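Visitor: The structure is given below, and queries will be raised subsequently.
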Amino acid sequence: MNGIIYSPIMTTTTTATTTTTMTTTMTTTMATITGGKIIQLSYNNDNETLSFAHSSDNYIQSMDDKDVNEIVNNNDSQSVILSRNLQLSDDSKNIKSYQFTDKINPSHIEPLNINSSYTMEKLDEKRENERVYEYLLRLNEVRNWLKEYLQLNNIANEMEFEHNLSNGVLLARLAHTFAPHIVPLSKIFDIDQNHFYTNGQICCYRHTDNISLWKDAIRSIHFPEVLIPDTVDIYEGRNIKTVFSLFALAKHLHRMHRGPSIRREENVEFSPLMLNDVRERLKNSDLSSFGNIDEILATIPVNLDDTNIEAIMQLNNIIDDKIILLKCLKCFDTNISYVNDSFIDRYQEELMKQRKILRINEFLNRKQIQEVINKVNLEKISLACENNNCNDLLMAVCNLDDVKMEYISYYMYALKKYLTLTMEEVDEVIRKVNQNVAIATIKSRDTLHLNLFLMDDKKDEAKKLLLTSCDNIIQNISLSKFIARLTEEIIIRKKKWESNINERSDEYLREQFDDGELFINVDNEQVIYDKPNKIIKWMLTREEIENISAMINDKDEIDQKDGNDNEIAEKAATKIQQWWKKRLFSKNFDELKISDKPSLRVVRQFVSLLLHTRNDETENEELEKNRLYATKLINSNQYLEEKMMDLDDKILKIPINKIEFQEIRSLLKNIRIEAEDYLACDKPLSVNDKDEMKMKAYEIIFFYLQTKPEYFAKLMGKYSNNPNVLSDLFRKSVLPVYSYGISNREMSLLALLLAKYLHEEIKQLNNPIEFRNNSSSVILQILMELCGKMELQRLQIAEFNQKLNDINYHEQYFNLNPINLFESITGSKTKNINEAMDNAIVIKIFNDSKQFLIHWAIAYAEIIFTKLFKYPDIIRYLAISARNFLKKQFPTQSDTTIIQVINAWLYKGCWMKVITVTESLNMINEIKKVNEYKALAIRKVISKFIEYSILHFGYSTEKYWLNSLNDVITKINTISKLHFIKFIMQNPPVYKYSIDDEKWDKYGPYRPILHLTMCQLHVTLREFKNDVNEIISKNSQLNQFIADVLSLPIDNIKHYVTIHLHPFTSNEIDNCDEIFRRTMQYVENCLLSGCPGNNLTQLLAHHTLQKEEEIFRKLLCRNNNQHTKLTLDETKCHIIRQLSTLEKAKRVTSINNYQNIVTAIAKEISKTDEYRKIRQIDLITIRKLVLELEKTQLDYEKRLERYEKLFEKI
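Numbering (UniProt numbering), first residue to last: 1 to 1210.
Structure representation (structure tokens):
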């Protein structure tokens, strides 16, 4: 179902009587039908089955516990619980009864005091207020659009705007802009509105001429007649439809490239007086047309006249000039749609191809040009969807009407459903998604309100909401029965979650719809689109309400249909079975995951999850294959980056006439060969027995280096004052040891390590401001290169950098030091600043330099702080961790100061290098090299100014000549703080590595694997060997182990080594941990063999059957178990002996039937299930990563080719 379906029609109420029966072994549900037909449903406690049968025959259908994985695959889902002991009857002669008895007897729970004040009247008022507010937003958008389009600042305010439209002056002036031949300024009556205001804002009859001119003008551009208001309505001030018409006209003109887009607004405040006034005027008005504008505008025909043809011919003649081509494509007369500035290079390339295949004297017509534009746009959209790149998709659709940045993931999901689309269909998908989100938002609020009504036992209010809400859920069911069933479900859920119910701060209710899901805050009803940390579990979701409705409807079908219609009755009974099973499995899986004392019955139900399947083997193999390949790609790309930097540095330092070109060519060739060696090297290492012992030692050492963050944190702390060495250590040792954060486990461990390192560094600070210069900013830079998706920002910044290289874009003289300027211009020393500022030339250059700095600082800052950019989660985690550490270290400092410091740190680590990078190819030419150095110096000044602005470092009155920069500093500071709150603090990521995770790594079936080059292995071990006693406690087992076995491997980058990580393995046979683990495994085998029993004591006492023994033998063979000669009875004896040993060690107790063993198995099952889900995510992530790394390598190869071609020309 797509939504909660509400109906205004209330069906006849049936009488329902509820009884409760407590049972221990069997729960029976019976439906008797006149005519001797009986359907009996039986629930059996022992085998967890629900079955039904006719009394007239022996047919029995049963549901067992197969396919647990398929049924319980969503941990967050809340299943429906069936009504208990429900007996129904109708008024017909054929009396039918239906009884359903659950073995669970819910106790009475007092309603919770959530202080809900919702009533139906308040909801109606809230809806009306939202309707008023929506209209005022559109009115305000139209008014602001007119101000921008007509360049007028004296347009009437919101209160007077509708009335002001009645004189038609604004309408006529608007018409003049796009149809001056129809509405010349000379024809506009009272153009300055003097007559209108002199007469007390009363129109005269001649004002209708203005209205008529406007209507003639909009008809000339094919504006739909249905959208044009009546002249009388406009004249008499009934201008709600006029506002609607202007809203549509703004969209129409923008699509014709004749006007700016109308900007959507949110969070605008209106006075109570204005809201009340508009509420009265909207009482009998229909505003639904606002949602249909796009559909109406889509009907406008496209006609070409002589002007259009001339523009198309002109466009054919200037295809070679990219800048003019873009202007022509966006020109109104060419009538080309969907032009995106970002894709002009591809447009030009494709248009040139099309032009080459034309015959002499032929030119591309409008249709052919439009097809090229559409083809390029659709390519970009398709590529973005294929790569799951929301940034690229946003860039591809940003010029379409009604695109909302926050909905980009929904657009992605919707567009992926289609193999091929036209641009018109893409436009339609965007509009449809917007509509779906709007509907889902309304439904989420209704669902939340319904929960609150039910929670406070406001049944009448709940009924009114169901009857008046937007959809139809009540088909043929009794409304009272439905409310009672929903209330019962709420009570059960409240009991389950009552320990957390009063701590529901910042919790969200999920709303699923066709294009994804959104979340509504249960306290303030704010809707968000990214998954929050807290999703409320005890409230009913819309899907669950629908399911309950469907279930009641199905049961009512039995009452309403003829008693002899057994097919319908059986169908309904089958559905009840399915609901019961779904509810039961979900409840049991919740018990397995949440309960601290899960029952053996529940553990038995899910123990098969521990079996290693063929799918596990396939997925693990693919994962490790891709991990190794990704590691090789990363190493290869890093090598290319280092060598290219060395090459760039050589070009920068050596004069052009002294460069040995032959040497450069040879260097380029060697770089390419070495990079290929990183990928091609698959030679296995030939190791002797001694080397094999070393490798086993390395498995233990690297396990602890990974999982104990304090070791690497101390090593990195040694080089905290030397950023270059720290960067080298992080690239060549830390990142490889953590597999570059490829999987969820390694990324979590890496994040914890870096947080530990930051904490130690912050402890050394005397002032929070010092943190911005912390050497850890180099780590941010590396992480951004590795994880950051900032291609769009890089391209935009690179474009700005290139413009600043051009002499036309930067000032010939740039100097913000008046004294220095004065001395340079006059050749004499100045007495003071005032003398310098009195010089006209100094003032001119100084003011121009300030304006230049302001312009470019804001331009760069807006790219960084206001564009759509999502920091990698690990960087967000580090920024939030740093904020918490700084607040703890400096409790007297304000939160604003802390945020400014972290923002400056993020800026230095993530963005400063991007702004101040040099383009080596520009350095080949000596003239370009001079310009590049000048532009670089200017960019460094701009970058430093942005950094100081982030920190809010302004200029005091002592430097009055720079005071005017303070406003810009405040502006950049404000947007940077807002950016931090919006993009860093919202939904903070969580990384953890618990004791349970460490046990899983030690005992689990999937040991962590590490792929390193021999060089990386050598470097890491060398660093630790040099300072092992300072980094690792002398008394620790690891320190002694390293001292005994550590010797450095051969430093050979040509070979990769695969290390299966694990901790120390105890050699003590009687070690309690090992005994406990073996006992768990024996019990698991017993459960998998089908041994019965409600607890471990009963299981061990039960006589072994032949069938159980056969399953046990197969299980041992399948697992290649070393104890294959053991029988099942012997295994039970082992368990008994080991339980006795564990009880003496107080690890288990017979008093609770050895519950600790059962709980440990439950945790292992839960961990296995979690691992499989994480593995699925890792597979998707690493496939995408490999594609990105291959693309990066291709970029490096293209760059190498550019160098080679350039040096060949020289």
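By construction, the Cβ of each residue, glycine as well, lies at the ideal position given by its N, Cα and C atoms.
If you're wondering where the values come from, they're calculated on a predicted model, not measured in any experiment.
Residue range of the alpha helix (DSSP H) that R255 falls in?
Guide: Within the sequence shown, numbered from 1, the residue matching residue 255 stands at position 255. That run of the alpha helix (DSSP H) goes I240 to R255.
Visitor: Assign G717 to one of three DSSP states: helix, strand, or coil.
Guide: Here the question's residue 717 lines up with position 717 in the sequence shown. G717 falls in the helix class under three-state DSSP.
Visitor: Since K992 contacts S748 with CB under 8 Å, what's their CB separation in whole angstroms?
Guide: For this step, residue 992 is matched to residue 992 along the sequence shown. For this step, residue 748 is matched to residue 748 along the sequence shown. The pair is a contact, with the Cβ atoms about 6 Å apart (cut-off 8 Å).
Visitor: For the region 406-419 against the region 509-516, are there 3 or more C-beta pairs whose distance is under 8 Å?
Guide: Counting Cβ pairs under 8 Å, three or more are found: they touch.
Visitor: When the Cβ atoms of the region 1025-1041 are set against those of the region 693-709, are three or more pairs found closer than 8 Å?
Guide: Touching, per the Cβ criterion.
Visitor: Taking just the CA atoms, how far does T1065 sit from L1126?
Guide: Position 1126 of the sequence shown holds residue 1126. Position 1065 of the sequence shown holds residue 1065. So the alpha carbons of these two residues sit roughly 25 Å apart.
Visitor: In angstroms with no decimal places, state the Cα-to-Cα distance between E1110 and E1170.
Guide: Indexing the sequence shown from 1 puts residue 1110 at position 1110. Indexing the sequence shown from 1 puts residue 1170 at position 1170. Their backbone Cα atoms lie some 31 Å apart in a straight line.
Visitor: Please state if the CB of L821 and the CB of I854 are separated by a distance shorter than 7 Å.
Guide: Reading the sequence shown from its first residue, position 854 is the one you call residue 854. Reading the sequence shown from its first residue, position 821 is the one you call residue 821. Contact flag unset, no.
Visitor: Only counting runs of 4 or more residues, tell me where the alpha helix (DSSP H) segments fall wholly within the region 1048-1113, in order along the chain.
Guide: For the region 1048-1113, whole alpha helix (DSSP H) runs of length 4 or above, ordered along the chain, are 1072-1088 and 1096-1101.
Visitor: Name the DSSP beta bridge partners of P516, please?
Guide: Position 516 of the sequence shown holds residue 516. Looking at the sequence shown, residue 516 is not Pro but Gly. G516 pairs with F513.
Visitor: Which same chain residues end up closer than 7 Å to T1168 when comparing Cβ atoms and leaving out the 5 residues on each side of it in sequence?
Guide: Looking up residue 1168 in the sequence shown gives position 1168. Here the set comprises L609 and L610.
Visitor: Would you give the residue range spanned by the alpha helix (DSSP H) that I779 belongs to?
Guide: Taking the first residue of the sequence shown as position 1, residue 779 is located at position 779. Start and end: S777 to C787.
Visitor: Suppose contacts are defined by Cβ-Cβ distances below 7 Å. Is Q314 in contact with I336 by that definition?
Guide: Counted from its first residue, the sequence shown places residue 314 at position 314. Counted from its first residue, the sequence shown places residue 336 at position 336. Going by C-beta atoms, Q314 is not nearer than 7 Å to I336.
Visitor: Is it true that the CB of L450 sits closer than 7 Å to the CB of residue 1275?
Guide: Since the first and last residues shown for the chain are 1 and 1210, residue 1275 lies out of range.
Visitor: Give every residue of the same chain whose Cβ lies closer than 6 Å to the Cβ of L878, excluding the five residues on either side of it in the sequence, and list them in chain order.
Guide: Here residue 878 refers to the residue found at position 878 when the sequence shown is read from its first residue. Cβ neighbours of L878 beyond the five flanking positions: L754.
Visitor: Out of W538, Q1081 and L1187, state which residue places its alpha-carbon closest to the alpha-carbon of T1131.
Guide: Residue numbering aside, residue 1131 sits at position 1131 when the sequence shown is read from its first letter. With distances taken between Cα atoms, T1131 lies closest to Q1081.
Visitor: So T1013 is in the beta strand (DSSP E); what residue range does that whole segment cover?
Guide: Along the sequence shown, read from residue 1 onward, the residue named residue 1013 stands at position 1013. I1009 to T1013 is the span of the beta strand (DSSP E), which, as asked, contains T1013.
Visitor: Could you give the DSSP three-state label for Y508: helix, strand or coil?
Guide: Sequence index remark: in the sequence shown, residue 508 carries index 508 (1-based). In this structure, Y508 counts as strand in the three-state DSSP scheme.
Visitor: Taking just the CA atoms, how far does R510 sit from I520?
Guide: As a working mapping, residue 520 is identified with position 520 in the sequence shown. As a working mapping, residue 510 is identified with position 510 in the sequence shown. If I take the Cα positions, the gap works out to 7 Å.
Visitor: Out of S636, I1075, V1057 and I1032, which has the shortest C-alpha to C-alpha gap to L1194?
Guide: Walking along the sequence shown from the start, residue 1194 turns up at place 1194. The shortest C-alpha separation from L1194 is found at S636.
Visitor: Please report the distance separating the alpha-carbon of P106 from that of F453.
Guide: On the sequence shown, position 106 is the one that residue 106 refers to. On the sequence shown, position 453 is the one that residue 453 refers to. Reliability fails at P106, whose pLDDT of 30 lies under 50, so the model's placement of it is uncertain and the value that follows must be treated cautiously. Approximately 21 Å between the Cα atoms of the pair.
Visitor: Beta carbon of N164, beta carbon of A156: below 7 Å?
Guide: In the sequence shown, counting from the first residue as 1, residue 164 sits at position 164. In the sequence shown, counting from the first residue as 1, residue 156 sits at position 156. Yes, these two residues count as a Cβ contact at 7 Å.
Visitor: Rounded to the nearest angstrom, how far is the Cβ of E761 from that of S720, given a contact under 8 Å?
Guide: For the purposes of this step, residue 761 is taken as residue 761 along the sequence shown, with counting starting at 1. For the purposes of this step, residue 720 is taken as residue 720 along the sequence shown, with counting starting at 1. That pair is a contact at about 6 Å.
Visitor: Run the CB neighbour count on D590, radius 10 Å, all protein chains shown included, and call it buried at 16 or more, exposed below.
Guide: For the purposes of this step, residue 590 is taken as the residue at position 590 of the sequence shown. That one is buried.
Visitor: Taking only three categories from DSSP, how would you classify I1136?
Guide: Here residue 1136 corresponds to residue number 1136 of the sequence shown, with the count starting at 1. DSSP places I1136 in helix when its eight states are reduced to three.
Visitor: Going by the C-beta, is I1161 closer than 6 Å to any heavy atom of the ligand GTP?
Guide: Only the bare structure without any ligand can be found here, which leaves the ligand GTP out of the picture.
Visitor: I want to know whether the region 184-191 touches the region 258-277 - three or more CB-CB distances under 8 Å.
Guide: Verdict: no, contact absent.
Visitor: Roughly how many angstroms lie between the CA atoms of Q793 and F800, to the nearest whole one?
Guide: By 1-based counting over the sequence shown, the position of residue 793 is 793. By 1-based counting over the sequence shown, the position of residue 800 is 800. Going by the C-alpha atoms only, they are around 11 Å apart.
Visitor: Answer yes or no: do S775 and W905 have a C-beta to C-beta separation smaller than 7 Å?
Guide: Here residue 775 is taken as the residue at index 775 of the sequence shown, counted from 1. Here residue 905 is taken as the residue at index 905 of the sequence shown, counted from 1. It is not a contact, given that the beta carbons lie outside the stated cut-off.
Visitor: Are there 16 or more other CB atoms within 10 angstroms of the CB of K531, so buried, or fewer, so exposed?
Guide: Taking the sequence shown and counting its residues from 1, one reaches residue 531 at position 531. Looking at its Cβ environment, which holds fewer than 16 other Cβ atoms inside 10 Å, K531 is exposed.
Visitor: Use the C-beta contact count for R643: other C-beta atoms within 10 angstroms, 16 or more gives buried, fewer gives exposed.
Guide: Walking along the sequence shown from the start, residue 643 turns up at place 643. The question names Arg, yet the displayed sequence has Lys at residue 643. The residue in question, K643, is buried, as its Cβ has 16 or more Cβ neighbours within 10 Å.
Visitor: Which residues share a DSSP beta bridge with N521?
Guide: Indexing the sequence shown from 1 puts residue 521 at position 521. Y508, per the DSSP bridge assignment.
Visitor: Run through the DSSP bridge pairs and tell me what I528 is partnered with.
Guide: Here residue 528 refers to the residue found at position 528 when the sequence shown is read from its first residue. Beta-bridge pairing links I528 to F519.
Visitor: Have a look at I782 and V941 and give me their C-alpha separation to the nearest angstrom.
Guide: Walking along the sequence shown from the start, residue 782 turns up at place 782. Walking along the sequence shown from the start, residue 941 turns up at place 941. If I take the Cα positions, the gap works out to 24 Å.
Visitor: Return helix, strand or coil for I535, following the three-state DSSP convention.
Guide: Position 535 of the sequence shown holds residue 535. Residue state, collapsed to three classes: strand.
Visitor: Please report the distance separating the alpha-carbon of N167 from that of C203.
Guide: Taking the first residue of the sequence shown as position 1, residue 167 is located at position 167. Taking the first residue of the sequence shown as position 1, residue 203 is located at position 203. C-alpha separation (whole angstroms): 6 Å.
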